[in-house]
Structure formats: structure tokens, C-alpha cells
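Novice: The structure under discussion is supplied below as C-alpha cells; questions concerning it will follow.
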Amino acid sequence: MSKKLNIILLSFCFFFSSSYFSHAQVSVSPATFRAEDEITITYDATQGTSGLRGAGKVYMHAGVILDSETGTSWSNVVGNWGKDDGIGLMTSLGNDKWSIKLVPRTYFNVPTQRIYRIGMVFRNADGSREGKNAQNGDIFLQVAFSGLSMQIVSPAQRPYFAFPNENFEVKAESNTQATFTLLVNERQVKEENGTTITHTVNAGTTHGSIKIIAKNASTTITDSFTYSILPPQVIAPLPTNVKDGINYIDDKTVVLVLFAPQKKFVYAIGDFNDWQANQQSFMHITPDKNRFWLRLENLEPKKEYVFQYLIDGNIRIGDPYAEKILDPENDKFIENFVYPNPTPYPTGKTTGLASVLQTAQTPYQWKTNNFQRPNPQDLVIYELHLRDFSTTHNYQAVIDSLDYLKKLGVNAIELMPIQEFEGNDSWGYNPIYYFAPDKYYGTKEMLKNFIDKAHEKGFAVILDIVLNHNFGQSPLVQMYWDSKTRKPAVGNPYFNPDATHPFNVGYDFNHESQAVKDLVKRVNQFWLTEYKIDGFRFDLSKGFTQRNNPTNEAAWSAYDASRIATWKRIYDEIREIDNSAYVILEHFAQNSEEMELANYGMLLWGNMNDGFSKAVQGISNSIEGSTYLQRGWQQPHLIAYMESHDEERLMFRALDGGQSADNYNIKNLPTALERMKLAAAFYFTMQGAKMIWQFGELGYDVSINQNGRTGRKPIRWEYAQNPDRQKLYKTYAALIRLKTLPETAEALRSKNSQLIERNLGLEKQFILQSPSVSMVVLGNFGLQNKDFQISFPNAGTWYDYFTGESIEVLDKEANLFLSRGQFHILTNKKLPTPEKGLVPWTLASKVVAVQDAQYGNSILIYPNPAHSQVQIRFSQPIKGTVKVNLKEISGKTLKTWQFNLLNEHESIDLQGINSGFYFMEIVQEGKSVVKKLVVE
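So, in C-alpha cells, the structure goes:
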């Protein structure tokens, strides 16, 4: 095959490769239509680039192609980009599907000229987000000609590649009766009347051409294609010690291996052969027909070579195991300071994503080699999304923030997905290449440096990984795409054509397929060994099932023995590689299933956002289920959280929906911040691993839905300079410190605990007991100041953690006055006190005694309301000293009177006491009572 012919053939391949996925996200009814027909165009925002998933409005921005059947230049464009003016507005069908009805000729105002194609992209109302095809290109629909139309339907691939002397079928169809003439290499071999023509062609040994002419009384139409003869295919086993992907043999030699069962042939094309599909780039096939391989020699050491696989003549992909991917559409938007000296894309030589190989790479020199991971139940994880953490969205920004995180007290950093995903501006749950770090965050050396620095400062690094599904630009999806059904082909080795569960996005992996098992094992091994990752958070782990419940969430969540077996296998594989790596599941299945997985060693996310959100807002709530013990588990493997990337922010809920009463309003910023401290006091003192969503420690108050759920959010580092928010940060730090203080670390692992929730959850108490120290956490989540009935593990002296104050508890059951929003952490041993002034609360009394109901009924204060004087009358004889404390609502003692009662009543002088609402605490011989008093 001549070099000139190779270039011509590749130019054909470019066209068919670029349009191969063009309709993955668009359907049209009727499927074949003319310019005069009314059609319905339906757009699926979850497909293609999926840039409009979750959009509130979707517009179609479209034009027509008037020059040829393969043209791409738009004319008569309909739509005003960025304007919410209704032109091109689509109708929501639910589930991220949108439709629009139109008649092409009238919609695009083309009265008579022939319309060959309709080109389109989709956008949100302000044009800040768009939806394109899987390769981030325009989407095209072919328009049938109003008169005679005809096309070759078989073979579907253009150009066609055939082995020497291969027989292949040629078939053409027309929309009406016609006379067909079929020519092979410009020689007529068949003529037939009707609406179809079929013929078997022998390819011979040289390239050729097929032309079909369809003619009726008024019209003649021609369609044609070329075919090429493939080189002889070498059948040979894999060389020893190679595996799927790029195998570096020495500084000048590489063996490429592609797992591609059901495929006919593969070329390895790239910089190393000037992108030529010739005999030298034609890959060998293994005897089982599952793998293709090629040995590349005489490579230049350290030089980067860009390459792809050209499969069956019309699919071009990067190597699925490549560690660097080039994206011609998105790489150009990555700043040089984020990714310096990017590898240039071979524009004009290929299209689509391409992979990079490089021999003799300089290995990273790890400086921290003895990092000790925290015990799983002691983890305090900081979940972080690089895009929304810093304006530079790179690893250096996190390195620069390690001291900030260290002072906060976290000991693990969980990165939202960083493996190559579609586009740049994304949460990362649309993965395509699992072995390549996405360049939008930096180079692989920068990533390793971040992990190294994190380990040096005592942080574990956990990778959020997405193995439930793949997206359209994935080489695995592209290899096995069925363009007719617009889904992965039936019988492919990786994917379910239709997802087995209702929460799927992208294309659902079949985790019982051996190919997927092998891939998952390789992915986990790679990141644990190459990057020294400390563990994984597996996204949508409940989706790892072949039990088919595509629409029934309850059935999907039920106990699934096959899913459990899959996860135990993956866990065992990971532990064989690294026997202390964390395996964290986002599971949310039936409790019995989660308990079995926890007992096996896995950690599981526990979503407590709803309960804590309502608690912060002052709404009836429960936080029961925040510990593994409350769920009946044997192992402390629950990671309960108040916030995550996927949940609404507590501060937003407080400011948006906080309750109010009298002069107390949770929607006020200072009050909302105090409510966050209140919630945190309970959250961090409960047993088990903890997780903070980024900036939650500063009271981040931007809604998850601002700019779309997964859209870019404002970065609020200025919050760290706000004194009130800084106190919240320091309060978080003080609470986290309890997990590491020698005196309390044992207590926070104790199984002896009790959560008491009263008054619809607005009054909470958490009791934790251990041989080292016992702890009582009290909190008033309600809107009223009130006495709290408290259960203490024992009488004696108890110390307030934040103030260092002490109280004497005379009985295990006692009362303590708490203002709304007030909380205390009381311990029976004095602990190192945090910085003063972090919380506004002091203890209402130095003595907490049992409040005797009979004693309280025997005391009367009058008049009430009072002015300058109030009387206290005792209906029973009293002996000994009586102490009366006049307290503000906050619990602060304003004045104390002490006397030995000689009569049945005593006068109390209120001169100098301002008008207002007060409490009078009357204490005598271990008994106490609190009475309300209004001074006018």
C-alpha cells in the first residue's frame, strides 16, 4: 500500500471516527425524515459530554448544512447563544431528557434549497454550559432528499478493510423504486430493479472501489466507498512478561498490548510511524483472538510519542492503560502554571483523544517511606475538590494548605476523582482513562509530590474512584459501541447494554465479567503501588451488581449476596496488594448487607446530613444512626458525615431555612455559626471515623445547587479571616483534638454510650463512658431556654471542656439550665482547655443537684411579676442554710443571697435589677429548684 493511499484512507477514517458517536445523545422521530416533515428531536443530557446534566433549561442551538451530505459548515443558524429568549427552548421530559418539534424547512427558513444535514449543540439558559457529542463535537442528523434517495447500508464501515480474498456483502437501499447499477473497480457487475440491491464482493488482493448508481425517471443518485486490503495477519502468542497496555522493555523498546476480543484487526499508529496504517503498524493477534500486540523498537529514550489504536478501520482510541492522555478540545484551556510544557497534539494527523508513551522516564524519588496510616476508626477525613478548593485548581494549592489542615486536626485527605475524565470543568464522576491523572489538576509528578508531602505531615491520601460506570469518550465504550441502539453492544466484554440499577450514569460495568474483574484489579494495584495511595472511596458501590432492578430502588437496595461476593473479592485483592489500605464504600444498602461488609473490613459512608441539617435549623430531628453501635454493627467501620460533596451545606440550610422565636433567629449569620458548633459538638464526640466537606469548618454557605449541582462554586478563603468563622474553625479543631488526646482517645472508641433525644430531638444528650474518662454532651437545639434533665454516669466533679469550669454533681439525675443553642461537653476528668472565647456559654451553676419535685412544690415566689421585692414562702419547715441565685437567661448569676431561714418566708430585695425575664435557683441541703421570675 502506497504512502499516498495510506493518507487518503486515514482521512476517510477521521470522518467516520468523528461521527461514530454523534447520535449517542440525540434521537429523532421519525428516524428517516425529509426537510418537509415534522420531526421530534430528543436530547439526553446524560450522554455525550453530559455537560447539561441537571440543567433547569436546555436550548438547542442549530443550523443546516446546505453544501454536501458530509458538510459541517452551518447556515441559517437558529438560536442566540447565552440569551434566555425562548428561541430553541426545549421541553423537559424528565430524567435529563429534552425534546423539540420542528419542520426543518420552515424552522431554518430554507424555502427551496436542498438541506443535507442538521447540525446542533445544546446549552443552558446563559450559555455557560453546553452539551455536545462524546468527542466534544457538533451533532448531525441526516435529512433525506425529497425525491429519490439511496445509500449503501452494508458494509457500515467506511472505508472498508478486508483481508486478502475475503468475501463481503454490499447492500444499498432506496426510498422508492429505482434501477440499481453496481460497479466494482468501475466495472459493472450487477443491475437490478426495486428498492434494494445486494451483492457479494471478493476483495481480491489489491485495494478497490464500490459504486452504486440508483436511477428513476427524473433522478440519478450515486453512493460509493473504497476498500483496502489488509496486510497478512500474524497470529502469535504474547511475548513473555507483558500485560495489557504499554510495556517498557528497555529504553528503546516497547510492546503494546490491546485487549480487544471480537475485533478484526488493529493498527498502532502514532509519532513512531508518522501515523501510517501500513504493514509495519499492523498488530499481531493472539491465537485466542482476544489480544493484539506490536513491538516498537529503536525509540528515542525519554522522548514522548503520541499514539492511538485504529481498530477495524473506523475506531481510534488511546491505550486504556496509558498514563497520559491528550485531548485536543480541552487541553488548550489548561493554564501553563498548572501543567507546564504540555505535549503538543498531532493536529492534522489524527482526531480524538490520544495516548502518550515515553521510555526511560525518571522515577519519582519518594522522601516519605515510613508513613503510618491512622487506625480506620480514628480517621478524620477532609473531602476536597481541587477545582473549588483553589483558583489555581492544582496540587500545589493543597500542599500550600497542609498546615491549615494540620491545625484543623484532620489526618486524611480524600480527593474527588482525579483520573482522566471528560472535559475539564467537572466533579470527575465521568471517567474515561483510569491510569492517567487528569491534566487539569497538574502533572503526575506534582500529584506524587503532593502525596509525599501529605505523608510527611501525617495525612493519609484517599482517592475517590469511579468504577461503577464509564463515559462515552472511554476507549472501552468506543470499542464496543452499537451505533444503531446507541448503547454498548450486546455481548461486549465490559458493559451492560442497559444498566442494572436506577441510579446509573454513563455506561454500567458488568462486574461479573472477567474483563472487568481484571481491569478493576489492575486499577487498584496501579494507584496503590505507583502513587502510594492509602485507600479508595468507591463511588456508587451499590451499583456493582448484575441483579437487574433498573427502576426499583428499594429492590436494588435490598440484601444482595452476589454484590457482597463482588465486594469481598475486590477487598481481598486490595489487601493482597496492601494489607492496610482503606476500602470505603458509598453503598447505602440494606443495613444487614452493610453490616456484613463492615464486619469483613470495609468502611461505609453514613449519610447523616438530613438529621444534622434539621438540628441546625431548629426543626424536629434525629441523629440516631451516627455511630456503628446505633446501627447494630460489631465493627467501628462507619464514616458518618454531616456534609459531603453530594449534600446541601449545613450553613446554607441554617441561613435559608433556620427557625426563629422572639429575638432569636437562626438565619442570622452569628447565630447560624453557633448552631454549627452545637451540631459539631455531638458529631465529633460520637465514635468512629469522621469526614468534613471542604470549608465546612468555616461555615461555607453557598448552596450545592448554585450554578448547577456539579457546577463551579465560589472559593471562600476570605472566610478564614472572619473572626466569627475563625472561631468555628477553632471549635472544629478543639473537638477533633478529643480523638487524639490521651485522656479521651480511649473514650471515643468505647462501646459504652447512649444517645438521648427528647422533645422531637431538640434536646439531646450523648453519654460516653470508659475507664479513662467519661463524657456527657448536652445541647439545646430548640428555640426556647429551658431546664434540661441530665443523666450523669456518676456523681462528683465534672468539668466543662471549653471553659475549664467545674460543677459538683450531687446525684446522677440532675437539671441544668440551657439557653437555646447552648451546649456543653462535660468530662469527669479535667482536660487541657482549648483557646478561651470559642463558645459563648458558661455553666449556669457550680452545683447541680437533683431537683426534688416535692421540694419544688413546697416553695412559692410572689408577686410574679415583681417590682422592687419578691417573697419566697416555704410551706414546709426548713433547716439550715438557704442559697438563692438570681440568673439571667444565659445562665449567668447576677446576684446571690444566703440566709438561715427563721420564718416560713423571706424577702428578697430586687433594687438595681433591670426589667426582664430571670430564673431563681434555690438550693438547700442537696436539693434545688429553679423558679421563673419576671421583673417589671
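Count the sequence shown with mature numbering (1 follows the signal peptide of the UniProt record, and there is no 0) and you get residues -24 to -1, 1 to 912, in order.
For glycine and all other residues, C-beta sits at the position ideal for the given N, C-alpha and C.
Given the structure is predicted, the values throughout are model-derived calculations rather than measurements.
1. Is the CB-CB distance between Val149 and Met126 below 8 Å?
2. So, at 8 Å on beta carbons, what are the nonlocal neighbours of Phe313 in its own chain, with the 5 sequence-adjacent residues on each side left out?
3. Could you tell me if Asn575 is buried or exposed, where buried requires 16 or more neighbouring beta carbons within 10 angstroms of its beta carbon?
4. Let me confirm a value: Asp638 is counted as buried when at least 16 other C-beta atoms fall within 10 Å, else exposed. Which label applies?
5. Which residues mark the beginning and the end of the beta strand (DSSP E) in which Lys508 is found?
6. Out of curiosity, what's the CA-to-CA distance linking Arg551 and Ser748?
7. Quick one: using the 10 Å Cβ neighbour count with 16 as the cut-off for buried, is Phe893 buried or exposed?
8. Is Ile642 helix, strand or coil by DSSP?
9. Roughly how many whole angstroms lie between the Cα atoms of Phe411 and Gln395?
10. Name the two residues that bound the continuous beta strand (DSSP E) containing Phe768.
11. Okay, do the stretch 86 to 103 and the stretch 145 to 164 touch, 3+ Cβ pairs below 8 Å being the bar?
12. Answer with buried or exposed for Glu694, where buried requires no fewer than 16 other C-beta atoms within 10 angstroms of its C-beta.
13. Can you tell me which of Asp554, Ala138 and Gln606 puts its alpha carbon nearest to the alpha carbon of Lys239?
14. Return the chain-ordered list of same chain residues with a C-beta closer than 6 Å to the C-beta of Asn192, the five sequence neighbours on each side being excluded.
15. In three-state DSSP terms, what is Val592?
16. Are the stretch 671 to 685 and the stretch 615 to 629 touching by the rule of at least three beta carbon pairs closer than 8 Å?
17. Going by DSSP, what residue range makes up the beta strand (DSSP E) through Asp199?
18. Going by beta carbon distance, what residues of the same chain come within less than 6 Å of Gln334, once the five residues before and after it are set aside?
19. Please check the pair Glu733 and Glu600, which I expect to be a contact at CB under 8 Å, by giving their CB distance rounded to whole angstroms.
20. Can the beta-carbon of Val230 be found less than 8 Å from the beta-carbon of Pro215?
21. What I want to know is whether the C-beta of Val230 ends up closer than 7 Å to one or more non-hydrogen atoms of the ligand FAD.
22. Quick check on the DSSP output: the alpha helix (DSSP H) that includes Trp532 runs from which residue to which?
23. May I have the straight-line CA-CA distance separating Ser194 from Ala179, to the nearest angstrom?
24. Can you check the stretch 390 to 420 for any beta strand (DSSP E) of at least 3 residues that lies completely inside it and give the ranges in chain order?
25. Taking Ile835 as the reference, which of Ser904, Leu862, Ala330 and Ile91 has the closest Cα?
26. For His37, which residues does DSSP report across the bridge?
27. Mind reading off the beta-carbon distance from Leu711 to Ala648? Whole number of angstroms is fine, and I expect it under 8 Å.
28. Using the Cα positions of Val54 and Gly39, report the straight-line distance between them to the nearest angstrom.
29. Could you check what DSSP says for Lys147 in three-state terms: helix, strand or coil?
30. When you compare the stretch 290 to 301 with the stretch 256 to 267, are there three or more beta-carbon pairs, one atom per stretch, that lie closer than 8 Å?
31. Checking the sheet assignment: what are the DSSP bridge partners for Phe84?
32. Across the stretch 578 to 597 and the stretch 525 to 532, are there enough close Cβ pairs to call them in contact, namely three or more that are closer than 8 Å?
33. Quick check: the stretch 504 to 521 against the stretch 558 to 565, are at least 3 beta-carbon pairs closer than 8 Å?
34. Enumerated in chain order, which unbroken segments of the beta strand (DSSP E) with a length of 3 residues or greater are wholly contained in the stretch 777 to 849?
35. Does DSSP put Ile188 in a helix, in a strand, or in coil?
36. Taking the alpha-carbon of Leu78 as reference, which of Ala11, Phe144 and Asp20 has the nearest alpha-carbon?
Specialist: Let me spell this out:
1. Position 173 of the sequence shown, counting from 1, holds the residue named residue 149. Position 150 of the sequence shown, counting from 1, holds the residue named residue 126. Before going further, note that residue 149 is Glu rather than Val in the sequence given. Remark: C-beta atoms of Glu149 and Met126 approach each other more closely than 8 Å.
2. Position 337 of the sequence shown, counting from 1, holds the residue named residue 313. Around Phe313: Thr368 and Asn370.
3. Here residue 575 is taken as the residue at index 599 of the sequence shown, counted from 1. Of the other Cβ atoms in all chains shown, fewer than 16 fall within 10 Å of the Cβ of Asn575; this residue is therefore exposed.
4. Numbered from 1 along the sequence shown, position 662 holds the residue referred to as residue 638. With fewer than 16 other Cβ atoms from the protein chains shown falling within 10 Å of its own Cβ, Asp638 counts as exposed.
5. Position 532 of the sequence shown, counted from the start, is the residue given in the question as residue 508. Unbroken run through Lys508: none, as it is neither H nor E.
6. Along the sequence shown, one-based indexing puts residue 551 at 575. Along the sequence shown, one-based indexing puts residue 748 at 772. The alpha-carbon atoms of Arg551 and Ser748 are separated by roughly 33 Å.
7. The residue given as residue 893 occupies position 917 in the sequence shown. Label assigned to Phe893: exposed.
8. Start at 1 with the first residue of the sequence shown, and residue 642 comes out as number 666. Reduced to three states, the DSSP call for Ile642 is coil.
9. Locating residue 411 in the sequence shown gives position 435, counting from the first residue. Locating residue 395 in the sequence shown gives position 419, counting from the first residue. In a straight line, the C-alpha of Phe411 is about 7 Å away from that of Gln395.
10. Your numbering for residue 768 matches position 792 in the sequence shown. Phe768 -> no beta strand (DSSP E), and no H or E assigned at all.
11. no
12. The sequence position of residue 694 within the sequence shown is 718, counting from 1. Exposed, since its Cβ has fewer than 16 Cβ neighbours within 10 Å.
13. As a working mapping, residue 239 is identified with position 263 in the sequence shown. When each option's Cα is compared against that of Lys239, the closest is Ala138.
14. Within the sequence shown, numbered from 1, the residue matching residue 192 stands at position 216. Leu124 and Ala154, listed in sequence order.
15. Locating residue 592 in the sequence shown gives position 616, where the first residue counts as 1. It is helical.
16. Taking a contact to require three or more Cβ pairs closer than 8 Å, the stretch 671 to 685 and the stretch 615 to 629 qualify as touching.
17. What you label residue 199 is simply residue 223 of the sequence shown in a count that begins at 1. Unbroken beta strand (DSSP E) run through Asp199: Thr196 to Ile205.
18. For the purposes of this step, residue 334 is identified with residue 358 of the sequence shown, where counting begins at 1. Closer than 6 Å at Cβ, skipping near neighbours: Glu280.
19. Translated into the one-based positions of the sequence shown, residue 733 becomes position 757. Translated into the one-based positions of the sequence shown, residue 600 becomes position 624. Right, the Cβ-Cβ distance comes to about 7 Å (below 8 Å), so this counts as a contact.
20. Counted from its first residue, the sequence shown places residue 230 at position 254. Counted from its first residue, the sequence shown places residue 215 at position 239. Going by C-beta atoms, Val230 is not nearer than 8 Å to Pro215.
21. No copy of the ligand FAD occurs in the structure displayed, which carries no ligand at all.
22. Against the sequence shown, residue 532 aligns to sequence position 556. That run of the alpha helix (DSSP H) goes Glu529 to Ser533.
23. By 1-based counting over the sequence shown, the position of residue 194 is 218. By 1-based counting over the sequence shown, the position of residue 179 is 203. Spanning the two alpha carbons is a distance of roughly 34 Å.
24. Fully enclosed beta strand (DSSP E) runs of 3 or longer: 395 to 397 and 407 to 413.
25. Taking the first residue of the sequence shown as 1, we reach residue 835 at position 859. Nearest Cα to Ile835 within the set Ser904, Leu862, Ala330 and Ile91: Ser904.
26. In the sequence shown, residue 37 corresponds to position 61, counting from 1. DSSP output for His37 lists Val97 as bridge partner(s).
27. Translated into the one-based positions of the sequence shown, residue 711 becomes position 735. Translated into the one-based positions of the sequence shown, residue 648 becomes position 672. Actually they do not touch by this definition, with Cβ atoms about 18 Å apart.
28. For the purposes of this step, residue 54 is taken as the residue at position 78 of the sequence shown. For the purposes of this step, residue 39 is taken as the residue at position 63 of the sequence shown. So the alpha carbons of these two residues sit roughly 6 Å apart.
29. What you label residue 147 is simply residue 171 of the sequence shown in a count that begins at 1. In the structure shown, Lys147 sits in a strand (DSSP, three-state: E or B).
30. no
31. On the sequence shown, residue 84 is found 108 positions in, with the first residue counted as 1. By DSSP's assignment, Phe84 forms no beta bridge with any residue.
32. no
33. yes
34. 782 to 785, 789 to 794, 799 to 803 and 835 to 838
35. Translated into positions along the sequence shown, residue 188 becomes position 212. Reduced to three states, the DSSP call for Ile188 is strand.
36. Within the sequence shown, the letter at position 102 stands for residue 78. Answer by Cα proximity: Ala11.
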